[in-house]
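Down below is the structure, laid out as structure tokens.
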Amino acid sequence: MGPRRGRPAALPLDTTPFDAPVVDVGSRVAWLLRSSRLRHHDREVRSQSLFAARLRARGLTADAGRVSAWENGRVVVPKPVLMAYAEELGLAYGSLRAAHSSLRRVLACPGQRTRAVRGASPSATQTRVDAVYSRLGHEPSGGDWLDLAELMSGEAGVVLPTSLMEELVLRLLRETMRGVGPAYTTRIDALTRLIATPRLTALVTRCTNAVVREPGAQGVADLVALLGEVGDVETTRLLLGHLREGARTVRVGATHAVLNLVTTGLLPSGEARRLARTLDELAAAEQDGQGVAISQMIGSRLAWSDRAGTAQPRNPAGPLAPGAARPQRLVDDREASRRVLVAFEAASLERGLPADGMYLRLAQEALSSWFIERQRHAGLLLMMSPHRQAAADGALVIATSDACRPLRSRALTLLTYVATPAQAPALVPWLEDPDRDRQRAALLALSHAGALPTGADLTRIGRDDPALAGTVSYAAGMSGHPILEVWAKDDAATSRWRTTARWWQSTGSAVRD
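In the numbering used here, the protein residues as written are 13 to 525.
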């Protein structure tokens with residue numbers, strides 16, 4: 013029986029078990045579409061029939077029934093529909109396409125490459141190439157880069173001179189390092205498509221390694237993690253070397269890359285023993301706290317895969333979220349899980365949004381202790397949704413509570429995704445907080461939100477706590493903070509800050525489009 017007349021249909025809910033190898037990507041995309049439309053400021057957009065009329069005006073075949081089907085996850089939403097939704101809802105160009113493809117690649121179909129799209133006629137393809145290349149010559153959006161990647165990786169057969177392709181990939185890599193929100197999501201998805209295209213794999217890998225090694229470069233972890241999409245012996249051994257000897261941020265990226273190899277089944281079979289030896293070496297080096305943590309994280313994933321015969325970890329527990337079929341223990345204990353549900357539901361209600369099951373599930377996944385890949389995707393979906401402010405409020409509650417330290421730490425990480433200038437009054441005082449984790453989160457969240465005060469004494473913060481120096485310089489660079497000019501010229505500045513400041517001056521600050 014359908015919903016009663018006059019009452020809105022329920023929002024989609026992913027009812028797959030929390031410990032399942034895959035998630036229901038269709039329901040997640042549908043939830044984002046429906047919740048964004050129903051919470052839109054334009055009444056015409058909120059009306060299903062009037063919204064369908066808008067889609068028809070764009071040349072799409074649409075009626076209320078089709079809109080309902082797309083927004084309930086019953087059918088796959090076509091690319092033109094995702095593009096139309098993004099424009100009508102005021103979302104970034106390409107953001108819904110990137111969210112859908114990255115969710116499908118990582119959480120729905122592990123190990124499957126992005127399918128090539130059947131090409132159009134040569135003349136139509138040439139017209140698209142000309143249009144995309146023209147946009148790349150100015151200030152391209154993430155969607156423009158995604159268009160290029162689709163042309164290069166599809167059956168259209170687009171081939172560019174190697175020198176030109178290298179120039180474009182290097183630009184894309186440097187923009188990805190500075191991307192925030194949808195600007196990051198679209199660019200990293202474009203890079204993933206390119207590096208997964210056999211004829212471009214070596215070129216993108218070579219460019220990635222070059223950018224990561226640039227003096228003063230920051231934001232390199234995500235680029236190193238990109239190498240986890242390759243799955244060949246040479247790249248795998250490079251990643252294992254990074255795990256053993258890389259700088260801290262490089263090791264973080266290599267960890268994510270190796271986890272992706274394991275999760276998606278791309279780890280070369282002959283490299284399993286080499287990986288095991290590397291993990292044993294890291295575990296034995298007790299003075300290397302990061303190495304021990306890396307060994308435990310990847311080792312647990314491998315052990316679970318061996319037992320279950322699947323690619324994803326299993327961590328069952330009692331019920332935590334309403335509407336979920338078999339919730340897992342997403343945080344350290346049931347009490348912590350209860351805190352997440354209570355805090356995030358209360359934050360949603362205070363913002364005038366009835367808390368729905370998908371929002372609560374994403375909140376739990378974002379604060380999970382197991383599924384690292386789901387933490388990031390949950391954070392990005394919350395950031396794109398009408399629940400962004402509520403999620404930020406909920407994360408603030410958890411971060412300032414007496415919850416266990418790991419849970420508070422994950423709440424701080426979520427803030428770096430969802431915080432906006434509205435959270436600045438709560439975050440700015442953390443710049444002087446004696447808790448290093450809060451200081452680091454405030455620097456990241458404020459710089460991502462474009463709300464880092466120009467009067468913040470970043471030099472003093474970094475000098476008072478050298479462990480924060482890298483985060484301080486990153487926040488200054490992402491914000492285009494005036495202190496960069498001082499660091500770049502001041503002989504008294506540390507060599508690292510001087511080099512990093514010059515790198516930021518040459519590449520630019522945060523990319524938000």
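Don't be surprised by glycine CBs; every beta carbon is placed ideally from N, CA and C.
- Message: Once the 5 residues before and after ALA233 are set aside, which same chain residues still bring their CB inside 8 Å of it?
- Response: Residues THR261, VAL262, VAL264, GLY265, HIS268 of the same chain have their beta carbon placed closer than 8 Å to that of ALA233, with the five preceding and five following residues left out of the count.
- Paired residues, beta bridge with GLY191 - DSSP: Partner(s): VAL523.
- Item | Unbroken alpha helix (DSSP H) run spanning GLN435, endpoints | Following the DSSP letters along the chain, one finds GLN435 in no alpha helix (DSSP H), marked with neither H nor E.
- If we count Cβ pairs, one from each stretch, closer than 8 Å, do we get three or more for the region 457-472 versus the region 146-161? No, they do not touch.
- Query: Would you say ARG40 and ASP54 are within 8 Å of each other, going by their C-beta atoms?
  - Reply: The Cβ-Cβ distance between ARG40 and ASP54 does not fall below 8 Å.
- Message: Rounded to whole angstroms, what is the Cα-Cα separation between ARG58 and GLU385?
- Response: Here the alpha carbon of ARG58 sits roughly 32 Å from the alpha carbon of GLU385.
- Item | Closest residue to ARG388 among PRO478, LEU374, GLU151, GLY406 (Cα-Cα distance) | Nearest neighbour of ARG388 by Cα position, chosen from PRO478, LEU374, GLU151, GLY406, turns out to be LEU374.
- Rounded to a whole number of angstroms, what is the C-alpha to C-alpha distance between VAL171 and LEU203? Cα to Cα, VAL171 sits roughly 16 Å from LEU203.
- Query: Quick one: Cα of ARG108 to Cα of ASP201, how far?
  - Reply: The residue you asked about is not Arg; residue 108 is Leu in the sequence shown. Taking the straight line from one Cα to the other gives about 11 Å.
- Measuring CA to CA, which of PRO194, GLU246, VAL192, ALA229 is closest to ARG218? Of the residues PRO194, GLU246, VAL192, ALA229, the one whose Cα lies closest to the Cα of ARG218 is GLU246.
- Query: Does the beta-carbon of GLY102 have 16 or more other beta-carbons within 10 angstroms, so that it is buried, or is it exposed?
  - Reply: Here GLY102 is exposed, its C-beta having fewer than 16 other C-beta atoms within 10 Å.
- Return the CA-CA distance between ARG68 and GLY85, expressed in angstroms with no decimal places. Straight-line spacing of the CA atoms in ARG68 and GLY85 works out to 20 Å.
- Task: Grab me the residues of TRP499's own chain with a C-beta within less than 7 Å of its C-beta, minus the 5 sequence neighbours each way, in chain order.
- Result: Once the five neighbours on either side are set aside, the close Cβ partners of TRP499 are ALA505, TRP509, ARG510, ALA513.
- Give the C-beta separation of ASP405 and ALA359 to the nearest angstrom, bearing in mind that I take them to be a contact with Cβ-Cβ under 8 Å. With 8 Å as the limit, ASP405 and ALA359 qualify as a contact, their Cβ atoms being about 4 Å apart.
- Excluding sequence positions up to five away, which residues of its chain have a Cβ less than 6 Å from the Cβ of ALA161? ALA202, ARG205, LEU206.
- Message: Between ALA42, ALA522, ARG475, ILE473, which has its C-alpha nearest GLY492's C-alpha?
- Response: Of the candidates ALA42, ALA522, ARG475, ILE473, ALA522 places its Cα closest to the Cα of GLY492.
- Message: Under DSSP, the alpha helix (DSSP H) around GLY154 begins and ends at which residues?
- Response: Counted as a single uninterrupted DSSP element, the alpha helix (DSSP H) harbouring GLY154 occupies residues 154-165.
- Item | Inter-residue spacing [alpha-carbon to alpha-carbon] between GLY3 and VAL270 | Coverage of the chain is limited to positions 13 through 525, which leaves residue 3 absent and any answer about it impossible.
- What residue from VAL79, SER80, GLY228, ASP36 has the CA that sits closest to GLY482's CA? Selected option, being the one with the closest Cα: GLY228.
- Message: Going by C-alpha to C-alpha distance, which of GLY106, ASP142, PRO478, ALA259 sits closest to ASP300?
- Response: For ASP300, the nearest C-alpha among the options comes from ALA259.
- Item | DSSP-derived helix/strand/coil call for VAL498 | Note: VAL498 maps to helix in three-state DSSP.
- For GLU151, count neighbouring C-beta atoms within 10 Å of its own C-beta (all shown protein chains included) and say buried if the count is 16 or more, exposed if not. By the 10 Å Cβ count, GLU151 comes out exposed.
- Is VAL354 buried or exposed, if buried means 16 or more other CB atoms sit within 10 Å of its CB? Here VAL354 is exposed: its Cβ has fewer than 16 other Cβ atoms, across all protein chains shown, within 10 Å.
- Query: Any idea what DSSP makes of VAL171, helix, strand or coil?
  - Reply: In this structure, VAL171 counts as coil in the three-state DSSP scheme.
- Given LEU94 as reference, the closest of LEU44, HIS52, ALA76, PRO478 once Cα atoms are compared: Nearest option by C-alpha distance: LEU44.
- Assigned secondary structure, ARG272 (DSSP; H/G/I helix, E/B strand, else coil): Checking the sequence, you will find Asn at residue 272 rather than Arg. Secondary structure at ASN272: helix, using DSSP grouped into helix, strand and coil.
- Message: Can you tell me whether PRO24 is buried or exposed? The criterion is at least 16 other CB atoms within 10 Å of its CB, across all chains shown.
- Response: Classification for PRO24: buried.
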